[in-house]
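Chains as they are written, first to last, in this note's numbering: chain B, 1 to 450; chain X, 1001 to 1170.
Okay, structure coming up:
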């Protein structure tokens, strides 16, 4: 290099099978050009998690939510059908619904008093006789919908591109883990009010990496691990694995990072919870069979559904949505998902336990946020570095096993490598992958349950 | 304005203000051992989410902080550790507490409910973040002074903006 090259002209990913290294160009976290490309090529052309159907249980319930920077209305219409509209008056583009949530039979634009039903139809255009072809005109002015809306187990997804594959095909193996969550309790699961809405000064991909990274748990969450140990839980990283599920989705399976309310008891949960847990296990075995009950109950799962959904099925269950705002800023929204049928003591224990770990006020998530933000600040140091290799982040851990065909451990970086390879393809930059040496015949993909 | 408690003595707003100002100074000085002395054993510390509505129980909804006494102690132990990375180095905080009100609608006859406005500025990583909201506390009234029975900080924000976090005590 004769001059400092900033940039996206360099390979974005370099995987070297002779040296067993995998490196990601840090422009991926910093570049406005890459951010714009992600919006255009990924967010506008794939399924995005919007919200859970239990957030809007009654007809005419609505929430407003921004996805890919676009303000949307997530509403259940009068007939009970879920609809998603652009939150923008078809007349002049005014934000139509200026409440964050509520229940309303109509959305009325304050600007010129145009009104719309919750199914999107025009209800009123003041002085409509001034327009030609009034009925046709009214129809043409219905609320603008997103191209596709579909749901799986209550998780509602949208796509701005009508030509995406069916939702279940997109979800692939991830769908099964969402079903396993729904199977945890008779009567299924529901979200609760009390959404954690926060934002971090870091690139969205740092949040994805962090969730798939068991390697950081002990050092980053040193104080939380200490709290668990003091309370009698034997924290371990042994025999825990991470899986690429294909299409950019991935799964971290944890059994040694903490108990699970109503499924794996630990002393801090108290004696009453031990009794409830035993009874619940017996009920699950009856309902699901021994083997299925084992997979549903005995493993904590962190599931990433490309590109914007993380399900933390750990002590309790949190749904986390990530919304990139800028290369160095990400909005995060998290909802607690709980059994619809649960006694008050168990619910109270669940809520306390979940937020003691997750969220910006927990005993653990703030240290994750510190990590994203410290990386985002730190990678300013190598912009335009010479040699250029210095401006790459390393995600090689576990490649030595990968070439032998050994399943990656939770403390390896294989899920991140799978994510990054998919990401590169999704942003349309396969040309920016540099492969050195002989790639193993096949990467391990998916998880075979015995 | 004053609130009656336990029939034995009256709590003045000045006494409540002194209690809150003292606590603010202790928190700004990062003196967490002393901070625990502001609580009675069994107390709670709560920070509801920004969509909170009065009347919600944090046992029934999501929240930012839902600490019982054991978790308050775990939180303090963590904050005193060098390994609480989000607060090592510590945030610098500067607290202003105003609009103190004392109510006489508490359920127990040995407690009072008080509210106050807080403004906390937090400096870290070259930035200043502001936290604005209302305290909604239940204070136990004892002969030796006031103690937190329920310490609740309700944010006035619509959401936590970039960089804002609740790794320190609000």
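Ideal Cβ placement from N, Cα and C applies to all residues, glycine included.
Less than 6 Å between C-beta atoms, sequence neighbours within five positions excluded: which residues of the same chain meet that for residue 196 of chain B? Position 196 of the first chain, counting from 1, holds the residue named residue 196 of chain B. Hits under 6 Å: 334 and 359.
task = Would you list the one or two residues that DSSP bridges to residue 1088 of chain X?
result = Counting from 1 along the second chain, the entry for residue 1088 of chain X is found at position 88. Partner(s): none; residue 1088 of chain X has no beta bridge.
**Asked** Going by beta carbon distance, what residues of the same chain come within less than 6 Å of residue 1088 of chain X, once the five residues before and after it are set aside?
**Response** Taking the first residue of the second chain as 1, we reach residue 1088 of chain X at position 88. Taking C-beta separations shorter than 6 Å and ignoring five residues to either side along the sequence, the partners of residue 1088 of chain X in its chain run 1082, following chain order.
>> So the candidates are X:1144, X:1077 and X:1164; which of them puts its Cα closest to the Cα of residue 1121 of chain X?
In response: The residue given as residue 1121 of chain X occupies position 121 in the second chain. The residue with the shortest Cα to Cα distance from residue 1121 of chain X is X:1164.
Checklist entry - Are residue 67 of chain B and residue 157 of chain B touching if we call contact CB-CB under 8 Å? => result For the purposes of this step, residue 67 of chain B is taken as the residue at position 67 of the first chain. For the purposes of this step, residue 157 of chain B is taken as the residue at position 157 of the first chain. Cβ distance not < 8 Å, so residue 67 of chain B and residue 157 of chain B don't count as in contact.
When the Cα of residue 322 of chain B is compared with those of B:210, B:340 and B:393, which residue comes out closest? Counted from its first residue, the first chain places residue 322 of chain B at position 322. The residue from B:210, B:340 and B:393 with its alpha-carbon nearest to that of residue 322 of chain B is B:210.
(request) Starting from the beta carbon of residue 87 of chain B, find every residue of chain X whose beta carbon is closer than 7 Å, and list them in chain order. (result) As a position in the first chain, residue 87 of chain B is number 87, starting the count at 1. Near residue 87 of chain B there are no residues of chain X at all, since even the closest Cβ is about 16 Å away, more than 7 Å.
What's the call for residue 1012 of chain X, buried or exposed, on a 16-neighbour Cβ count within 10 Å?
Here residue 1012 of chain X is taken as the residue at index 12 of the second chain, counted from 1. Exposed.
Check your understanding: What do you get for residue 392 of chain B, buried or exposed, if any count of 16 or more other CB atoms within 10 angstroms of its CB means buried?
Key -> Your numbering for residue 392 of chain B matches position 392 in the first chain. Under this definition residue 392 of chain B is a buried residue.
**Prompt:** For residue 298 of chain B, does the three-state DSSP call read helix, strand or coil?
**Reply:** Start at 1 with the first residue of the first chain, and residue 298 of chain B comes out as number 298. Three-state result, residue 298 of chain B: coil.
| Reduced DSSP secondary structure (H/G/I, E/B, other) of residue 955 of chain X | The requested residue 955 of chain X is not part of the displayed model; chain X covers only 1001 to 1170.
With residue 139 of chain B as the anchor, note down where its alpha helix (DSSP H) starts and where it stops.
-> For the purposes of this step, residue 139 of chain B is identified with residue 139 of the first chain, where counting begins at 1. First-last of the alpha helix (DSSP H) with residue 139 of chain B: 134 to 140.
Report the neighbours of residue 196 of chain B on chain X: residues whose CB is nearer than 7 Å to its CB, in chain order.
Here residue 196 of chain B corresponds to residue number 196 of the first chain, with the count starting at 1. Those are 1049, 1062 and 1064, listed as they occur along chain X.
ask   = Which full runs of the alpha helix (DSSP H) of 4+ residues lie inside the region 233 to 319 of chain B, going along the chain?
value = Segments of the alpha helix (DSSP H) lying fully in the region 233 to 319 of chain B: 271 to 288 and 290 to 297.
* Give the interface partners of residue 1093 of chain X over in chain B, defined as CB-CB distance under 9 Å, in chain order. => Within the second chain, numbered from 1, the residue matching residue 1093 of chain X stands at position 93. Simply none; closest approach about 15 Å.
(request) Taking residue 1056 of chain X as the query, report the chain B residues whose CB atoms sit under 8 Å from its CB, ordered along the chain. (result) In the second chain, the residue the question calls residue 1056 of chain X occupies position 56. Neighbourhood of residue 1056 of chain X in chain B, by CB distance below 8 Å: 193 and 194, in chain order.
Exercise for the section: Please confirm whether residue 1086 of chain X and residue 1167 of chain X have their CB atoms less than 8 Å apart. Expected result: In the second chain, the residue the question calls residue 1086 of chain X occupies position 86. In the second chain, the residue the question calls residue 1167 of chain X occupies position 167. Closer than 8 Å, so yes.
- Query: Where residue 275 of chain B and residue 282 of chain B are concerned, what is the direct C-alpha to C-alpha distance, given to the nearest angstrom?
  - Reply: Residue mapping note: residue 275 of chain B aligns to position 275 of the first chain, counting from 1. Residue mapping note: residue 282 of chain B aligns to position 282 of the first chain, counting from 1. CA-to-CA, the gap between residue 275 of chain B and residue 282 of chain B works out to about 11 Å.
Anything in the region 358 to 380 of chain B with a Cβ closer than 9 Å to a Cβ of chain X? List those residues in chain order, please.
Per Cβ criterion, the list reads 359, 360, 361, 362, 363, 365, 366, 367, 368, 369, 370, 371, 373, 374 and 377.
**Asked** Does any residue of chain X bring its CB to less than 8 Å from the CB of residue 215 of chain B?
**Response** Counting from 1 along the first chain, the entry for residue 215 of chain B is found at position 215. No, because no Cβ of chain X sits closer than 8 Å to the Cβ of residue 215 of chain B.
Note to self: Please classify residue 104 of chain B as buried or exposed, where buried requires at least 16 other C-beta atoms within 10 Å of its C-beta.
What the structure shows: Translated into the one-based positions of the first chain, residue 104 of chain B becomes position 104. Flag for residue 104 of chain B reads exposed.
Nearest to residue 28 of chain B by CA position, among B:204, B:317 and B:115, is which residue?
Indexing the first chain from 1 puts residue 28 of chain B at position 28. It is B:204.
Inset, instruction - Specify the secondary structure class of residue 1120 of chain X as computed by DSSP and reduced to three states. - result: Residue 1120 of chain X sits at position 120 when you count from the first residue of the second chain. When secondary structure is reduced to three states using DSSP, residue 1120 of chain X falls in the strand class.
Fill in: Contact set between residue 1043 of chain X and chain B, taken where Cβ atoms lie within less than 8 Å
Along the second chain, read from residue 1 onward, the residue named residue 1043 of chain X stands at position 43. The contacting residues do not exist; residue 1043 of chain X stays about 14 Å from chain B at best.
- Message: For a contact defined as C-beta to C-beta under 8 Å, what are the partners of residue 1163 of chain X on chain B?
- Response: Counting from 1 along the second chain, the entry for residue 1163 of chain X is found at position 163. 199, 200, 201 and 373, listed in chain order.
Quiz item: In chain order, what residues of the same chain have a beta carbon less than 7 Å from the beta carbon of residue 1030 of chain X, not counting five sequence neighbours either side?
Solution: Start at 1 with the first residue of the second chain, and residue 1030 of chain X comes out as number 30. Cβ neighbours of residue 1030 of chain X within its own chain (closer than 7 Å, five residues either side excluded): 1090.
### Message
Short of 8 Å in beta carbon distance, which residues of its chain neighbour residue 436 of chain B, apart from the five on each side in sequence? Order them along the chain.
### Response
Within the first chain, residue 436 of chain B is the residue found at index 436, counting from 1. Within the same chain, residue 436 of chain B has close Cβ partners 14, 15, 16, 17, 18 and 19.
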